[in-house]
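So the protein lines, in turn, are chains E and W.
If you read the first sequence in my numbering, its first letter stands for residue 39, the second for the next number, and so on.
If you read the second sequence in my numbering, its first letter stands for residue 7, the second for the next number, and so on.
Notes for the one structure printed next.
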Amino acid sequence: MYTHIYNHIIIHYDEITLKGGNRPFFERVLISNIKEFLENIKYDKIYKDGGKIIIEINKNTDLEKTKEVLENIPGISNFYFAVSEKKDLEKINKKTVEFLRLYIKENEKTILRQAQDDDNVMVSLSNHQNGKIKTFKIEARRSDKKFEFKSPEINARVGESVLENTELKVNVHNPDIEIVVDIGHKYCYIYFEKIKGIGGLPVGTAGKLVSLLSGGIDSPVASYMMMKRGAKIVFVHFKNKIINNTGDDKIKSLVKKLSRFQGRSKLYIIPFEEFQKEIIAKIPAKNRMIIYRRIMFELAEMIAKKEKAKGFVTGDSLSQVASQTLDNIGVIYNSANLPIFPPLIGMNKQEIIDLAVKIKTYEISILPYQDCCSFLIAKHPETKAKLRDIIKQEENLKIDEIAERIMAEIKPEVI
Amino acid sequence: MKKIYLDYAATTPTDEEVLNEMMPYFSQKFGNPSSIHQFGQEAAEAIDKARKQVADFLGCNSSEIIFTSGATESNNMTIKGIIKASNIKNPHIITSSIEHHCVLNSCKAVEKEGSEVTYLKVNGNGLVSVKDFKKAIKENTILISIMYANNEVGTIEPIAEMGEMLKKINSEREKNKLPKIYFHIDAVQAVNYLDCNVDNLGVDLLSISGHKIYGPKGVGALYVRQGTKIKSIQQGGEQEYNLRAGTHNVPGIVGLGKTISLVSKNRKKIEEIKKLRDYFIAEILKNIPDTRLNGSKEFRLPHNANISFKGIEGESLLIMLDQEGIAVSTGSACSSPSLEPSHVLMAMGISPELSHSSIRFTLGKDATKENIDFVLKVLVEKVKKLREISGI
């Protein structure tokens with residue numbers, strides 16, 4: 039499908055266009071993000087053209103890879119591979135027909151290939167019929183309002199040329215293919231196939247958040263959701279080497295998967311066993327999980343300060359497990375001085391899993407891994423913790439001394 | 007900080023004498039004992055010697071000793087291998103509810119494959135009753151597996167009495183053409199302290215482990231009485247009379263042989279350890295209120311003290327003691343990091359709360375009164391502190 043007839047990529051963004059005076063800032067960040075993501079991909083130029091971002095590509099551009107990259111960049115609502123032509127209607131007519139013919143030929147080849155791959159001939163035959171392009175519609179757009187023809191006129195003229203030179207018929211309500219003829223400031227772009235992006239806002243436009251990444255299913259999804267809203271995520275993982283000496287591969291590959299959405303990511307791994315020992319020695323089993331998590335926020339706050347992050351992300355979902363009852367969330371979140379964002383708070387487990395599958399973190403999350411939160415906790419932990427009791431129990435803990443020693447050694451890894 | 011290790015039931019340091027014996031077999035005498043050349047034969051001779059040392063200790067023939075990777079493997083091999091070799095449709099096994107997890111989980115595994123298992127109850131001291139033992143026997147019983155001494159509470163089971171009785175039962179069964187019942191004991195915790203002569207005990211199979219008796223980790227043995235029908239559960243070469251495929255752990259086996267030959271020498275110290283242990287228990291019960299000794303006073307390994315400290319969580323105390331350099335254990339070391347009350351204490355009828363409050367102290371041959379007094383002092387202090395801060 040991705041032949042080298044394409045020489046441009048047209049990128050559309052939706053939410054950014056509502057940003058009024060701040061719009062140029064969002065556009066600038068998006069372009070600079072795209073540049074970072076395309077670091078290993080060959081292309082000629084990237085620039086803004088009206089309300090679009092244009093990438094000029096060449097014969098050496100890996101189109102599949104480019105598609106994969108653009109599909110995951112927050113802020114892009116959709117994009118097209120396009121061919122360009124000078125802004126001359128004659129030439130545009132010719133180019134449209136040429137492009138269309140090639141596209142139809144490629145499309146039929148693909149259908150044929152799929153049919154051959156398919157064991158069930160009957161099914162593939164009907165697919166064949168369905169996939170065939172028979173009708174079309176021209177959809178003209180004019181970013182360049184000075185162009186000599188108006189949209190309805192462009193529609194009529196280009197449509198006529200397609201009718202004359204191909205076997206396609208017009209269907210304005212439900213066409214098999216909608217051909218966009220987009221008159222930009224520099225060129226006219228012709229494209230058909232819309233590829234959906236993830237939308238939202240460019241990473242970094244919202245500032246930084248520290249995400250508490252456990253290695254489970256939920257926290258990567260939560261991190262993704264905040265990236266999609268423009269936050270740059272710094273990851274913090276707490277690890278207890280007494281129960282988990284399997285290395286950091288799992289956490290690192292989760293961060294790597296998530297870096298598809300935000301580019302290079304920082305990961306801090308904090309050894310947690312000494313904190314946990316201190317807690318186990320002095321806190322009854324049923325309250326340990328709550329205090330583990332309160333201490334985690336205290337430590338994460340040290341990272342947040344260093345990173346100038348403005349809050350935390352967690353994978354909490356209301357009442358999913360004992361530490362996520364309203365009482366317990368209240369007590370746990372109380373230990374943080376920065377706001378905590380749990381974007382999955384109202385989601386069901388299955389909804390979270392579906393999203394985890396979609397962003398491809400699920401298969402990593404389900405690998406065996408001993409989560410430090412479950413270290414020596416009661417079988418039936420407290421579900422209705424009272425802040426006053428917890429704070430009183432914490433008075434016996436000597437966390438600061440341990441924190442000072444351990445946190446001084448912590449260095450982030452860039453993934 | 008002074009470090010005091012009171013967890014000898016979890017593992018022991020390898021004796022220097024044992025280590026010296028092992029050393030040449032890593033790099034100098036490295037041959038594979040299955041090789042015919044001189045390198046191989048040198049290693050094969052070392053294994054023969056070790057096998058003889060183990061056999062002498064158990065009072066059996068060398069050909070009845072199978073070297074394994076440890077007691078977990080020996081116990082798996084017994085339960086699965088005896089079942090595999092039996093031609094009964096639904097073989098029945100008898101074991102106790104306080105066995106090590108490698109026995110209990112092997113039993114659960116064969117249960118899933120159609121075997122029947124009876125888990126004998128124990129009394130409040132952790133003792134299996136010989137009467138229950140006899141009553142549980144059925145026509146399709148082919149194996150009884152009981153631990154010689156329990157790893158958590160140190161209770162010593164009446165093995166010789168059971169063995170004697172089983173001998174009579176088996177000769178009756180022979181007349182009635184019923185399958186022979188094999189008697190297996192897990193003697194891991196017993197080797198250092200108790201008579202392990204297989205004929206005195208009347209056992210057909212017996213598991214031992216190197217690292218519990220001042221030897222190396224990763225090596226153990228299974229005694230299999232001549233004529234016992236057992237099949238290997240692991241395929242490969244023909245090592246260990248076709249029962250245990252895999253290249254021999256030569257240094258480990260050499261170490262096991264040496265360490266077991268030293269057991270009788272170390273036994274002179276048992277009285278001393280026992281005296282210290284008794285003093286330790288008496289002082290705790292006297293000086294710390296709301297404490298109780300778990301397990302039998304009479305039938306107990308001489309180095310074990312298992313105490314419940316009411317109102318305290320075992321692992322809290324464990325970590326507080328660790329912060330003072332004192333190593334002890336709650337339940338057995340192999341258990342998961344999650345908090346499950348000990349299955350042994352629960353089987354003895356002790357409440358989950360009190361089980362959760364228990365600590366196992368196991369003394370070693372380096373125990374001194376000075377160390378014990380230090381531990382007692384810290385213990386009094388820490389228990390008091392924990393009772394003050396804990397809400398329960």
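Think of the CB as a built atom: it goes at the ideal place given N, C-alpha and C, for glycine as much as any other residue.
Owing to the predicted nature of the structure, the values given are computational and were not obtained by experimental measurement.
Span of the beta strand (DSSP E), counted from its first residue to its last, around W/ILE72: Here residue 72 of chain W corresponds to residue number 66 of the second sequence, with the count starting at 1. 71-74 is the extent of the beta strand (DSSP E) around W/ILE72.
Taking C-alpha atoms, which residue in W/PHE367, W/TYR188, W/THR20 lies nearest to W/ILE89? As a working mapping, residue 89 of chain W is identified with position 83 in the second sequence. Looking at the Cα atoms, W/TYR188 is the closest of the given residues.
What residues in the stretch 400-428 of chain E bring their beta carbon closer than 8 Å to a beta carbon of chain W? Listed by position, the residues of the stretch 400-428 of chain E near chain W (Cβ gap below 8 Å) are GLN408, SER412, PHE413, LEU414, ILE415, ALA416, LYS417, ASP427.
Unbroken alpha helix (DSSP H) run spanning W/TYR31, endpoints: As a first step, residue 31 of chain W is located in the second sequence; it is residue number 25 there, counting from the start. Segment 30-33, the alpha helix (DSSP H) holding W/TYR31.
Could you compute how far the alpha carbon of W/ILE236 sits from the alpha carbon of W/ALA353? In the second sequence, counting from the first residue as 1, residue 236 of chain W sits at position 230. In the second sequence, counting from the first residue as 1, residue 353 of chain W sits at position 347. Straight-line Cα distance between these residues: approximately 30 Å.
Please report the residue range of the alpha helix (DSSP H) in which E/LEU425 lies. Sequence index remark: in the first sequence, residue 425 of chain E carries index 387 (1-based). Here the alpha helix (DSSP H) through E/LEU425 covers 425-432.
Should W/LEU345 be flagged as near chain E, meaning a C-beta pair shorter than 8 Å? As a working mapping, residue 345 of chain W is identified with position 339 in the second sequence. Output row for W/LEU345: interface = yes.
Cut-off 7 Å between Cβ atoms - residues of its own chain near E/ILE448, not counting five sequence neighbours on either side: Residue numbering aside, residue 448 of chain E sits at position 410 when the first sequence is read from its first letter. The residues are TYR306, ILE308.
With distances taken Cα to Cα, identify the nearest neighbour of W/SER80 among W/PRO19, W/VAL230, W/SER103, W/ILE143. Residue mapping note: residue 80 of chain W aligns to position 74 of the second sequence, counting from 1. For W/SER80, the nearest C-alpha among the options comes from W/VAL230.
Taking the beta strand (DSSP E) that E/ALA120 belongs to, which residues open and close that run? Working through the first sequence from its first residue, we reach residue 120 of chain E at position 82. 116-123 is the extent of the beta strand (DSSP E) around E/ALA120.
For E/GLU65, is the classification buried or exposed, using 16 other Cβ atoms within 10 angstroms of its Cβ as the cut-off for buried? Numbered from its first residue, the first sequence carries residue 65 of chain E at position 27. The residue in question, E/GLU65, is buried, as its Cβ has 16 or more Cβ neighbours within 10 Å.
So the beta strand (DSSP E) E/ILE397 belongs to, where does it begin and stop? The residue given as residue 397 of chain E occupies position 359 in the first sequence. It is not in any beta strand (DSSP E) - E/ILE397 carries neither H nor E in the DSSP assignment.
What's the gap between the Cα of E/ASP460 and the Cα of E/LYS175? In the structure as shown, chain E begins at 39 and stops at 453. Residue 460 of chain E is therefore absent and cannot be evaluated.
Alpha carbon of E/TYR229 to alpha carbon of E/SER181, nearest angstrom: Here residue 229 of chain E refers to the residue found at position 191 of the first sequence. Here residue 181 of chain E refers to the residue found at position 143 of the first sequence. Cα to Cα, the separation comes out at about 15 Å.
Ranges of the beta strand (DSSP E) found wholly within the stretch 11-97 of chain W, counting only runs of at least 3: 71-74
Across which residues does DSSP place W/PRO257 in a beta bridge pair? The residue given as residue 257 of chain W occupies position 251 in the second sequence. According to DSSP, W/PRO257 bridges with nothing at all.
Are the CB atoms of W/TYR285 and W/VAL24 within a distance shorter than 8 Å? The sequence position of residue 24 of chain W within the second sequence is 18, counting from 1. The sequence position of residue 285 of chain W within the second sequence is 279, counting from 1. No.
Going by CA-CA distance only, name the one from W/SER40, W/GLU330, W/LYS281, W/ASN131 that's closest to W/GLY355. As a working note, residue 355 of chain W is residue 349 in the second sequence. Of the candidates W/SER40, W/GLU330, W/LYS281, W/ASN131, W/ASN131 places its Cα closest to the Cα of W/GLY355.
How about E/VAL219 and E/ILE192: do their beta carbons lie closer than 8 Å? Position 181 of the first sequence, counted from the first residue, corresponds to residue 219 of chain E. Position 154 of the first sequence, counted from the first residue, corresponds to residue 192 of chain E. Going by C-beta atoms, E/VAL219 is nearer than 8 Å to E/ILE192.
Output the distance between the C-alpha atoms of E/PHE299 and E/ARG267, rounded to the nearest integer angstrom. What you label residue 299 of chain E is simply residue 261 of the first sequence in a count that begins at 1. What you label residue 267 of chain E is simply residue 229 of the first sequence in a count that begins at 1. Going by the C-alpha atoms only, they are around 11 Å apart.
Please list the partners that E/PRO309 has in chain W, where partner means a Cβ-to-Cβ separation under 7 Å. The count along the first sequence starts at 1 and reaches residue 309 of chain E at position 271. Those within 7 Å of E/PRO309 in chain W number zero; the least Cβ separation is about 16 Å.
Residues from the stretch 209-224 of chain E in contact with chain W, defined by Cβ distance under 8 Å: none
First and last residue of the uninterrupted alpha helix (DSSP H) at E/GLY353: In the first sequence, the residue the question calls residue 353 of chain E occupies position 315. E/GLY353 -> no alpha helix (DSSP H), and no H or E assigned at all.
Compare the C-beta of E/LYS343 against all C-beta atoms of chain W and say whether one is closer than 8 Å. As a first step, residue 343 of chain E is located in the first sequence; it is residue number 305 there, counting from the start. When Cβ-Cβ separations below 8 Å define contact, E/LYS343 makes no contact with chain W.
Under 7 Å from the C-beta of E/ILE333: neighbouring residues of chain W: Numbered from 1 along the first sequence, position 295 holds the residue referred to as residue 333 of chain E. Within 7 Å Cβ-Cβ: nothing; E/ILE333 doesn't reach chain W, min ~15 Å.
Does the Cβ-Cβ distance between E/THR173 and E/VAL208 come in under 8 Å? Locating residue 173 of chain E in the first sequence gives position 135, where the first residue counts as 1. Locating residue 208 of chain E in the first sequence gives position 170, where the first residue counts as 1. Contact flag set, yes.
I need the straight-line Cα distance from E/LYS436 to E/GLU316, nearest angstrom please. As a first step, residue 436 of chain E is located in the first sequence; it is residue number 398 there, counting from the start. As a first step, residue 316 of chain E is located in the first sequence; it is residue number 278 there, counting from the start. Straight-line spacing of the CA atoms in E/LYS436 and E/GLU316 works out to 7 Å.
Closer than 8 Å, CB to CB, is E/PRO380 near chain W or not? As a working note, residue 380 of chain E is residue 342 in the first sequence. Closer than 8 Å: no.
Of the choices E/GLU345, E/LYS184, E/ARG426, E/SER261, whose alpha-carbon is the least far from that of E/VAL241? As a first step, residue 241 of chain E is located in the first sequence; it is residue number 203 there, counting from the start. Ranking the options by Cα distance to E/VAL241, first place goes to E/SER261.
Does any CB atom of chain E fall closer than 8 Å to the CB of W/ILE99? Locating residue 99 of chain W in the second sequence gives position 93, where the first residue counts as 1. Not one chain E Cβ lies under 8 Å of W/ILE99.
Answer yes or no: do W/ASN146 and W/HIS98 have a C-beta to C-beta separation smaller than 8 Å? Residue mapping note: residue 146 of chain W aligns to position 140 of the second sequence, counting from 1. Residue mapping note: residue 98 of chain W aligns to position 92 of the second sequence, counting from 1. Yes, the pair counts as a contact, with Cβ atoms nearer than the cut-off.
Helix, strand or coil at E/THR148 [DSSP, three-state]: The residue labelled residue 148 of chain E in the question sits at position 110 within the first sequence. The answer is helix: DSSP assigns E/THR148 an H, G or I state.
Hey, out of W/ILE104, W/LYS95, W/PHE139, W/ILE100, whose CA is closest to W/GLU119's CA? One-based indexing of the second sequence puts residue 119 of chain W at position 113. Nearest C-alpha to W/GLU119: W/LYS95.
First and last residue of the uninterrupted beta strand (DSSP E) at E/CYS226: Position 188 of the first sequence, counted from the first residue, corresponds to residue 226 of chain E. Per DSSP, E/CYS226 belongs to the beta strand (DSSP E) from 226-229.
Short Cβ contact (8 Å threshold) for E/ALA360 with E/PRO322: Here residue 360 of chain E is taken as the residue at index 322 of the first sequence, counted from 1. Here residue 322 of chain E is taken as the residue at index 284 of the first sequence, counted from 1. 8 Å or more divides the Cβ of E/ALA360 from the Cβ of E/PRO322.
By the 7 Å beta-carbon criterion, what residues does the stretch 304-329 of chain E contribute toward chain W? LYS315, ILE318, ALA319, LYS320, PRO322, ALA323
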